Each structure stands twice: as C-alpha cells, then as structure tokens.
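Heads up, the thing below is written out as structure tokens.
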Amino acid sequence: MVLFPFVSQGPRGLSHPEGMIETHTSVGVPPGHSYPLGCDVVHRAGERHTMLEILPGLTRIYEGWAEKYPDVRPLTVQFAADGSTEGLNGVLAYPLEGHWLLVTFGLTELGEKTSEEKRVSGAGFEFTCRIPREDGDETVPAWILRVLHALASQFLAGTALDVGHWIVTPAPLGGEPANGDMTSLAIVPDVDIRVMDTDNGLVLFFQVVGLKTEEGEYAQKADTVAPIVALLRDRDPKMITDPNRETIRL
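1 is the number of the first residue of the sequence shown in the working numbering; add one for each residue after it.
This is the structure:
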C-alpha cells in the first residue's frame, strides 16, 4: 500500500487529502504479474470466461483501441476490490514502440447499461497516459498505476476532473523518487482517440500528462495550463510523460 498525496487545481478544482491505493492482478494470476485480456478468468462457480465475454462494455473499449493498434495485444492489470460497486477496475497496458499506452477501465459501464443517462457511459470518460518504455520491457511500472488509481479515486470522491484541469502534487508522481521534479499533471484530450461511441453511451478519453514542478507553478500563477500543454504538444505529439525531458520555461 502506497501513500499518494495530491491537491487538485484548475477550473472548478477542489482540494483533497491523501489517497491510499493498492494494486494487484486478477484471481488465478501470481501477484505482481499481468495477463492478456483474452485469457481465461476463473470464477467462484468454477466456470471459465474471458473478460471480454463477461464485460461487453469493456469489449467496445478493447475493440476501439485494437482498431488503432491492431498488432499490439495489451496486458491487463486489475486493482484490488474494495467492496464498492464503483471504482477503477484496472488498466489496459499497450507495449508500444518506445512507450507504454495505459488505458483505464471501470469509470464507464463495463457490463450491461444500468444508468438512466443513455447518452454517456458511466462517468463518461476513462483516463489514458503514455510513459517511456524500453525495448523488450513487459512490466508495467507500478508508479503510473498508483497515479491512475489515485486520480480515479479522487474523482469518485467528488473532485471535478476535466480537460484543461491540472493537478499539483508535493512529491514525484506516484511516489517514485526516480521521477524527480515531475510532480504534477495536466489533463488533455487523448492524442489518438478523443471519444468512442459504445452501446452504453459515449466514452471520452482524458490523457494525463506529467508536468515538472516549475510548470505546475506556472499553471498556478497563470491560472491556466494551456501554454505549457501547447509547447509540450509541439515537442512531442504523443505527449509522453517522460520524467527525463527538459522543463518548459515561459
């Protein structure tokens, strides 16, 4: 279990105390391992199903990203259940050339449609993030899983999170010392898929992008993160969260 304190800032942003998260993989999978989305999941009754068979809402998300990256099979990381019917279920992790693409699932309706709002699925969005990846690396860094889980938890606790918002933290992202002065985040539309139409309603994809401490301070003073985001996009169209990149100074 890891502490991940942060303060949410930006338009309509609120302040929140520390959030604690825990991650693990699915039943039947050794701790610390991920598994392909299409593999069998063992249920209490002893029946075997794939996640796609039992979660049609997730199927559409999986298929939508498969259209973008048809030759890449994602790993899946599931989070420990907390007894709540709401919350982040897990993350699809795509091992792309030079970087990981992380896509959350669980903020939207993964099974059959249950909410009265027909136009959107669940919360209406999932988070994405891109972080550096070495060739041959098949292990998803734990720190980014902590970040995504904490973001989802704070949203479900009442924090308004939307495109154009930024999040300032007092420590390296995910509590990972190697992240150095990359301490904050901005939320932008995903660079690959902004919106997806599903049987359960629309799903937006909010990409979280790491900011250096100085960049977060600029956003605080200027009351906007837009200039930083624009320059980051010019430098890297994929907007990879790379702790080793140079700081943008305006």
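All C-beta atoms in this analysis are idealised placements derived from N, C-alpha and C, irrespective of residue type, glycine included.
Bear in mind that the values here come from a model prediction, so they are computed numbers and not experimental data.
Counting other Cβ atoms within 10 Å of its Cβ, Lys212 reaches 16 or more and is therefore classed as buried. Take Leu232, set aside five residues on each side of it, and the residues of its chain with a beta-carbon closer than 7 Å to its own are Val209, Met239 and Ile248, in chain order. Rounded to whole angstroms, the Cβ separation of Met196 and Arg60 is 7 Å, and the two are in contact under 8 Å. The C-alpha of Val140 lies about 9 Å from the C-alpha of Val77.
When only Cα atoms are considered, Pro132 and Thr114 end up about 37 Å apart. Remark: C-beta atoms of Pro237 and Val191 approach each other more closely than 8 Å. Of the other Cβ atoms in all chains shown, fewer than 16 fall within 10 Å of the Cβ of Gly136; this residue is therefore exposed. Taking 8 Å as the cut-off, the beta carbon of Thr241 is found no closer than this to the beta carbon of Arg146. For Val147, no beta strand (DSSP E) segment is defined; the enclosing uninterrupted segment is the alpha helix (DSSP H) at Ala142 to Leu156. When the beta-carbon positions are compared, Ala123 and Leu107 come within less than 8 Å of each other.
In the same chain as Asn179, and ignoring 5 residues on each side of it, the C-beta atoms closer than 6 Å to its own belong to Pro172, Leu173 and Pro243, in chain order. Within the stretch 86–145, no alpha helix (DSSP H) run of at least 4 residues lies entirely inside it.
According to the DSSP assignment, Ala222 belongs to the alpha helix (DSSP H) that extends over Thr213 to Ala222.
Of the other Cβ atoms in all chains shown, fewer than 16 fall within 10 Å of the Cβ of Gly98; this residue is therefore exposed.
The DSSP-derived three-state label of Pro189 is strand. Assignment of Gly210 by DSSP, reduced to helix, strand and coil, places it in the strand class.
Ile228 places its beta carbon 8 Å or farther from that of Phe206. Residue burial is scored here from C-beta neighbours: Glu126 has at least 16 other C-beta atoms within 10 angstroms and is therefore classed as buried.
In the DSSP annotation of this structure, the continuous segment of the alpha helix (DSSP H) that includes Asp234 starts and ends at Ala226 to Arg235.
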